[in-house]
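Residue numbers (this note's numbering), protein chains in the order written: chain A, 376 to 651; chain B, 1118 to 1541.
From the three backbone atoms N, C-alpha and C, an ideal C-beta is built for every residue, glycine too.
The structure appears below as structure tokens.
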């Protein structure tokens, strides 16, 4: 818990009358940056669809591939969301579908549909730190973490590659899968370009990088928008040497998905324009 | 599994006819997938049953699955055909097994599926209340992969989806029984063991014999709630002897049955909680005195599932069957016949642990019946060698106080199995 102690010491040092106010101001702006980052990364558009290719690569270079289509709908910006996932590869899970209704205020609802036995079932969803389909990403990495779950501090501003970034330190308010996270947030489009996750021992555990960012256009005329999107991402477990590389293809935003598109009917029979 | 039905044959002809319709002509896209699968299961007890297929191996089969999907942009429809070519080394037999073959068509809020299809209802985990659809118990007891537990039905399914209520209606003109273990390959309890003249009386495929199932469902207070109704027949056979004193012939019969039930599944107590109940109205024996026809009964299930730590899930269930007319049943039972309990209950536990980025899976499913004091343990270890190749090693361990109870009868059928699967 060294980082926490360091931080406590810093707060104590600044415990003069004016310094407390300074601390508050900095904290608020860090929250604002993280909120904007979450909107840009996990809430872009009113809805979105993309085809993800995930390569799970072990230390020796052995590779396994998952191909899936993911759809997302924001129930409200920054609020609850619904996700739909359809597996294309590998063969033993082909056509399997997965649905998540994500709530900020309570546990998510998750369902799986196994077409080979025509079975829809709820699955236990308590562990958002569980691996997503065996990858180095957790469920929480995929669907986002509530900004209010951590306290955020702007540590510095620095250049990362070609981009200006805010470097944010986030400490969980309650025990979590990480003890500290350092994020490099693009100061222009607010996408996280890099994240370091530290474990309970304070050691570096996982590193996320956004390896390629593309501007995806949506809508026409006055509705035209551009959503910067991390189309190549990597999560590396530095302790095991295992990493997961994701490329996101055929991204579209603002498709006009309806609430009832995220229902049992679609899990059993996804519309062909979603999955082909 | 019974041979190809006329319905399916007609469907196959229909689908393979290129001149089906103008808009169907050129735009069909056909996707062909499949897998090769080997299932080998050896009896570990050293005993070999006397039946014609009694071997040290319960299963020794190679399958090739062809999985065809065809669709077109012209209409909201798709066809799907799943065909297994099977070589059964135990029975020394080659055969084609049509697992599923159907046409999907969507019109507005209605989805139709016509043809042979697998249907699953209810919230039980390997326990069935409102899931009245055919099952292959041999697969479950000898280590075929889970999808082979279900047998397709030939019929028409219509699903209606709205914000307020969803409905699913299934009509099955052709009766498909469960595949139950037989004395050919298994040691089992048989009240008529000495009778060699065995017949099967399958219901005719007529309008009057058409089975009908209805499911209504919607979300209520965070739970997925379903109501079910079914009018059809018992899937597992009753045994009708030609005379009770000195039987010379026994016929397997499938008596009329209606089932009414409810289920609910949702989040509670930090996990997923499931409830299901059903009433089995055995229409030909409401008095409960006909030995060949199962008694009416009430079934109830409660289940709970929770992730205890990353990649580890625990599931537990309690299930009970309550016989309607136990006294009448007792009176009808000849001396020497095995008696089932009035309250027949089962506890199950499922443990699942994934390891190594979900390439390894360790699991245990256990049935234990307090009423009969018998059990079935199903441990399994599976490994995904690559994205295409997987291997599973497992076992079925039966036992119990008596050899006349549901699991106890298979005491000498304990087996260890190996599944090898290659996807293409």
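Item                                                                                                                               : Value
Inter-residue spacing [alpha-carbon to alpha-carbon] between residue 1527 of chain B and residue 1512 of chain B                   : 13 Å
Contact set for residue 1392 of chain B: own chain, Cβ-Cβ below 6 Å, skip 5 residues either direction                              : 1381, 1419
Interfacial residues, the stretch 1516–1539 of chain B to chain A, with Cβ spacing under 8 Å                                       : 1538
Where residue 1188 of chain B falls: helix, strand or coil (DSSP)                                                                  : strand
Extent of the continuous alpha helix (DSSP H) run through residue 648 of chain A                                                   : 647–650
CB contact below 8 Å: residue 518 of chain A versus chain B                                                                        : no
Beta-carbon proximity check, residue 447 of chain A vs residue 423 of chain A, cutoff 8 Å                                          : yes
Cβ-based burial, residue 431 of chain A [other Cβ within 10 Å; buried from 16]                                                     : buried
Under 8 Å between C-beta atoms of residue 1166 of chain B and residue 1303 of chain B                                              : yes
Residue environment, residue 386 of chain A, which counts as buried when at least 16 other CB atoms sit within 10 Å                : For residue 386 of chain A, the predicted structure reports a pLDDT of 47, less than 50, and the residue's modelled location is therefore unreliable. A value from the coordinates is still provided. Counting Cβ neighbours within 10 Å, residue 386 of chain A comes out exposed, since fewer than 16 surround it.
Local Cβ density within 10 Å of residue 1460 of chain B, reported as buried at 16 or more and exposed below that                   : exposed
Backbone CA spacing between residue 610 of chain A and residue 1516 of chain B [nearest angstrom]                                  : 48 Å
DSSP state of residue 1254 of chain B mapped onto helix, strand, coil                                                              : helix
Simplified DSSP state of residue 1288 of chain B, which is helix, strand or coil                                                   : strand
Cross-strand partners of residue 1314 of chain B (DSSP beta bridge)                                                                : B/1366
Proximity of residue 1498 of chain B and residue 1472 of chain B at Cβ, strictly below 8 Å                                         : no
Any 3 or more C-beta pairs closer than 8 Å across the stretch 593–606 of chain A and the stretch 1239–1254 of chain B              : no
Chain B contact for residue 649 of chain A (CB, 8 Å cutoff)                                                                        : no
Integer-rounded CB distance, given that residue 1429 of chain B should sit under 8 Å from residue 1469 of chain B                  : 7 Å
Short CB-CB distance (under 8 Å) between residue 447 of chain A and chain B                                                        : no
Touching by the beta-carbon criterion (3+ pairs, under 8 Å), the stretch 1431–1443 of chain B and the stretch 1399–1419 of chain B : yes
Exposed unless 16 or more other CB atoms sit within 10 angstroms - verdict on residue 500 of chain A                               : buried
Near the ligand SAM: residue 608 of chain A beta-carbon under 7 Å from a heavy atom                                                : The ligand SAM is absent from the structure shown, which contains no ligand whatsoever.
Rounded Cβ spacing between residue 1327 of chain B and residue 1288 of chain B (contact assumed at less than 8 Å)                  : 6 Å
C-beta neighbour in chain A for residue 1283 of chain B, strict 8 Å                                                                : yes
Neighbourhood of residue 1207 of chain B by C-beta, 6 Å cutoff - its chain only, sequence neighbours within 5 removed              : 1170, 1172, 1174, 1177
Against chain B: residues of the stretch 489–510 of chain A by CB proximity under 9 Å                                              : 489, 490, 491, 492, 493, 494, 495, 496, 497, 498, 499, 500, 501, 502, 504, 505, 506, 508, 509, 510
Partner residues on chain B for residue 440 of chain A, Cβ-Cβ distance less than 7 Å                                               : 1504
Assigned secondary structure, residue 1267 of chain B (DSSP; H/G/I helix, E/B strand, else coil)                                   : strand
Residues near residue 1158 of chain B by beta carbon distance below 6 Å, same chain, minus five either side                        : 1175, 1176, 1259, 1260, 1532, 1534
Test item: CB-CB of residue 502 of chain A and residue 612 of chain A under 8 Å                                                    : no
Enclosing alpha helix (DSSP H) for residue 518 of chain A [first to last residue]                                                  : 514–518
Boundaries of the beta strand (DSSP E) in which residue 589 of chain A is found, first to last residue                             : 579–593
Rounded straight-line distance, which links the Cα of residue 644 of chain A to that of residue 650 of chain A                     : 10 Å
Exposure of residue 563 of chain A, with buried meaning 16 or more beta-carbon neighbours within 10 Å                              : exposed
Top-ranked residue by Cα proximity to residue 1485 of chain B, from B/1463, B/1477, B/1474, B/1314                                 : B/1463
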